[in-house]
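According to our numbering, the sequence shown is numbered sequentially starting from 5. Every residue gets a Cβ at the ideal spot worked out from N, C-alpha and C, and that includes glycine. Take a look at the structure below.
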Amino acid sequence: KAKDGKTIILANFGAGGMEVDLQIIKKIINISFKKVLIIAFDNSDTTREIAKNNLKEIKDLIDIIDIESANASNIFSSQKVTTKKIVVVMCKNNIFDICDHFPKKYFDLVYNSLFRHHLDINYLSRFDELVDNWAQNLFEYDGYRSMAIIPLQTIVGWNYPNFFNAEIFSNLRFQKKESIISRVRLMKTANVKFFPGIGNYLLIKKND
């Protein structure tokens, strides 16, 4: 909820094709609020074009701003010149440099979908620290390592080699369920729900 009618600021770390953002916008478009600002961080030109194409069906309901690097100053300026109550800012910032561009706790909510497992193992603790310092709340959806899921992926992806290979290698990059549980225990006000049928989990951390 927005406090005192202020703009709600959401951030998608590793936005990709923005399928998640599209679902969010459809859910909130008719809710009463002043303005919602979604900052989509992704440095791939290809996925940004995919994202723009995915958002075409709601292009008349939102304003889209495409900038190279976002910061608190140009985000504030963007809010002032837009007329729609939902604004999407696409940017190429390196999320690990956010400390140079935004004040702490700037984002009301940070979320990511199937992104964390792509990070190098040396960046995982940095990512958690980043989210803890710059996000009021966190929604994280990703996979956990499950040998029981691999046969199911084999059946589903057998006739789609690219999908099949990606699923298998992703599973190998996923953390074990026990590691995720241990991580959640170290977080304050966090909980996690596992979905055994698909080998994914949803982690929710609320700071307020």
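Contact check for A76 against F106 passes: the beta carbons are separated by less than 8 Å. Counting the other CB atoms within 10 Å of its CB gives M94 a total of 16 or more, which places it among the buried residues. Counting only runs that start and end inside the stretch 55-86, the alpha helix (DSSP H) elements of at least 4 residues fall at 76-85.
CA-CA distance, V114 to T50, rounds to 23 Å.
DSSP places F131 inside the alpha helix (DSSP H), whose first and last residues are 128-138.
Of D70, I62, I35, the smallest CA-CA separation from F45 is found for D70.
For R189, the uninterrupted alpha helix (DSSP H) segment begins and ends at 181-190. Sixteen is the threshold: since fewer than 16 other Cβ atoms of the shown chains lie within 10 Å of the Cβ of G201, the residue is exposed. Boundaries of the alpha helix (DSSP H) around I28: 23-32.
With 16 or more neighbouring CB atoms inside 10 Å of its own CB, I42 falls in the buried class. Note on geometry: alpha-carbon atoms of I62 and G20 lie some 17 Å from one another.
Between Q140 and K109, the gap from beta carbon to beta carbon is short of 8 Å. By the Cβ-count criterion, F80 is exposed, with fewer than 16 other Cβ atoms from all chains shown falling within 10 Å of its own Cβ. Measuring C-alpha to C-alpha distances from F131 to each of D112, S150, N98 identifies N98 as the nearest. Around the Cβ of V91, a 10 Å sphere holds 16 or more other Cβ atoms; the residue is buried. If the five residues before and after S150 are omitted, its C-beta is found closer than 6 Å to the C-beta atoms of G203, all from its own chain and listed in chain order. Taking 8 Å as the cut-off, the beta carbon of K88 is found closer than this to the beta carbon of L65. If you draw a 10 Å sphere on the C-beta of L176, you find fewer than 16 other C-beta atoms in it, and that means exposed.
C-alpha of E23 to C-alpha of R52: approximately 11 Å in a straight line. The Cβ atoms of F17 and N137 lie no closer than 8 Å to each other.
Around the beta carbon of Q27, fewer than 16 other beta carbons lie within 10 angstroms, which makes this residue exposed.
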